[in-house]
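S.K.: Numbering (our numbering) for the sequence shown: -17 to 315.
Heads up, the beta-carbon is just placed ideally off N, CA and C, and yes, glycines get one too.
Keep in mind the model is a prediction, meaning the values are calculated, not measured.
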Amino acid sequence: MSLDSYRHDMEGCSRCSSCKWIPLAQIRSQRWSQVCPSIWYNDFHAYSGSGKLNVALSILDGRTDFDESAADIFYACTMCGGCDVGCKVYRNDIDPTEVFHEARARAVELGHARLDHLALVENMRSENNVFGLPRGNRADWSAGTDLLDANAEQVDILFHVGCRLSYDETQHADLLAAVEILQATGQRVGTSGTAEACCGQRAYECGFDSELHNFGDDMVNRVRTSGASMVAVACADCFGAFNYLYPRNGKELGVPVRHISEIAAEAVREGTLTGTFSNTTPAGVTDHDVDGDTAGAEATGQQARHHQQRRTRAGRHLPRPVPPGPTGRGLRG
-17 MSLDSYRHDM EGCSRCSSCK WIPLAQIRSQ RWSQVCPSIW YNDFHAYSGS
33 GKLNVALSIL DGRTDFDESA ADIFYACTMC GGCDVGCKVY RNDIDPTEVF
83 HEARARAVEL GHARLDHLAL VENMRSENNV FGLPRGNRAD WSAGTDLLDA
133 NAEQVDILFH VGCRLSYDET QHADLLAAVE ILQATGQRVG TSGTAEACCG
183 QRAYECGFDS ELHNFGDDMV NRVRTSGASM VAVACADCFG AFNYLYPRNG
233 KELGVPVRHI SEIAAEAVRE GTLTGTFSNT TPAGVTDHDV DGDTAGAEAT
283 GQQARHHQQR RTRAGRHLPR PVPPGPTGRG LRG
């Protein structure tokens, strides 16, 4: 879609300022009432959700030039979706973050992309990861494992690791644990090794839509040639890209994409994953279980319905977070 396709959203903004706050019924103090980092840091209405809708409409109507200053307003947004939640508590026909994304895509087309974003995209193009680290080191974490090479062998589960987890040594122990969980299913598990590429989401968020299409085509072909019946991911960004961004941009992997936490929870329910925590240090655990038996403890009815019913213009549900409750309750510690 294009920026012009969201004119209804821009014209429909009633300037109520709900985009600046957490849902009003949930405000308990001034300290924790603000939801938008952009408006409170820059302290000017244009940086709020409503303000950015106003700027976009002014650009469409020819009242404002889309120059670098205007582009900076949209790039100052963290795209956290706080404004979207606040807005949808009261109405469901405005998608602020969709407008902001299309504004970034227009900025890229006009040559107003940020220099750091250009560097990120170049990293992805040259080394297949957002950091620009050597692609030949991407699979170092898997040394000593008996994972199959999905580039040369047929697999049942294609484990897509992602950029951050592949290169962050502090995460490698968790990756090895994920491999154990996947292999415990008794299915053939493999990775693309050093040939694995970024999912493309970071470039897309910056307005480089074509990069998502390029990396999407690569991933679709990789899944098809591997023979995988499921893609497993440990990265939240990849999970969102494969389940949400790819379909809405015409890229279908053709197989289920499941997060390792889902697979682990299922294994606990079936009794194939049991045990106790080896670290017995007392620790508090936060269970953000919006769908399980603790649902409603901290959420209003409007927020719960928003989680369950929000749709994009493509008519697709956003991926819902996997509640960690069943897994945590299934393991003793």
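Taking Cβ positions only, does THR207 come closer than 9 Å to chain B?
M.R.: The structure shown contains no chain B, having only a single protein chain.
S.K.: Quick check on HIS94: does DSSP put it in helix, strand or coil?
M.R.: The answer is coil: DSSP assigns HIS94 none of H, G, I, E or B.
S.K.: Since ALA159 contacts LEU255 with CB under 8 Å, what's their CB separation in whole angstroms?
M.R.: Wrong, their Cβ atoms sit about 11 Å apart, outside the cutoff.
S.K.: My output table needs one value for ALA58: the three-state DSSP class, helix, strand or coil.
M.R.: Coil at ALA58, not helix or strand.
S.K.: Does the distance from the C-beta atom of VAL161 to that of SER124 stay below 9 Å?
M.R.: Cβ atoms of VAL161 and SER124: closer than 9 Å.
S.K.: Rounded to whole angstroms, what's the CA-CA distance from CYS18 to GLY126? Just pull it up for me.
M.R.: Cα to Cα, the separation comes out at about 46 Å.
S.K.: Provide the residue(s) that pair with ALA101 in DSSP beta bridges, ordered along the chain.
M.R.: Per DSSP, none; premise fails for ALA101.
S.K.: Identify, in the order they occur along the chain, each residue of the same chain with its Cβ nearer than 7 Å to the Cβ of PHE113, setting aside the five sequence neighbours on each side.
M.R.: Taken in chain order, the residues that qualify are ASN105, CYS145, TYR149.
S.K.: So, under 8 Å CB-CB, ILE242 and ILE163 are touching, yes? Tell me the CB distance rounded to an integer number of Å.
M.R.: That pair is a contact at about 6 Å.
S.K.: Go through its chain and collect everything with a Cβ distance to GLY209's Cβ below 6 Å, but skip five positions before and after it.
M.R.: If we look at GLY209 and ignore the five residues flanking it on each side, its Cβ neighbours are GLN136.
S.K.: For SER(-16), I'd like the list of residues in its chain whose CB is within less than 7 Å of its CB, leaving aside the five on either flank, ordered along the chain.
M.R.: So the list reads GLU84, once near-sequence residues are dropped.
S.K.: Taking the alpha helix (DSSP H) that PHE48 belongs to, which residues open and close that run?
M.R.: PHE48 -> no alpha helix (DSSP H), and no H or E assigned at all.
S.K.: Between GLN153 and the rest of its own chain, which residues show a CB-CB distance below 6 Å, the 5 nearest in sequence each way excluded?
M.R.: Counting only Cβ-Cβ distances below 6 Å, and skipping sequence neighbours, we find LEU147.
S.K.: With GLY33 as the anchor, note down where its alpha helix (DSSP H) starts and where it stops.
M.R.: 31 to 42 is the span of the alpha helix (DSSP H), which, as asked, contains GLY33.
S.K.: Among residues of its own chain, excluding the 5 on either side of ARG88, which ones have a beta-carbon nearer than 7 Å to its beta-carbon?
M.R.: Counting only Cβ-Cβ distances below 7 Å, and skipping sequence neighbours, we find LEU(-15), PHE48.
S.K.: In whole angstroms, what separates the C-alpha of LEU130 from that of GLY(-6)?
M.R.: Each residue's alpha carbon lies about 53 Å from the other.
S.K.: Start and end of the beta strand (DSSP E) containing PHE141?
M.R.: From DSSP, the beta strand (DSSP E) with PHE141 extends over 139 to 142.
S.K.: If you drop the 5 nearest sequence neighbours on each side, which residues of the same chain put their C-beta closer than 6 Å to that of HIS27?
M.R.: Only GLY33 meet the Cβ criterion.
S.K.: Have a look at ASN24 and CYS188 and give me their C-alpha separation to the nearest angstrom.
M.R.: Their backbone Cα atoms lie some 20 Å apart in a straight line.
S.K.: Between THR46 and the rest of its own chain, which residues show a CB-CB distance below 7 Å, the 5 nearest in sequence each way excluded?
M.R.: These residues qualify, in order along the chain: VAL37, SER40, ALA52.
S.K.: Are the beta-carbon atoms of ARG120 and GLY172 separated by less than 9 Å?
M.R.: No, they are not a contact pair.
S.K.: If distances are taken between C-alpha atoms only, which option among PHE82, VAL250, TYR186 comes closest to TYR226?
M.R.: For the residues PHE82, VAL250, TYR186, the minimum Cα distance to TYR226 belongs to TYR186.
S.K.: Short check: CB of TRP3 to CB of GLY93, under 9 Å?
M.R.: No; because the gap between Cβ atoms is not below 9 Å, this pair is not in contact.
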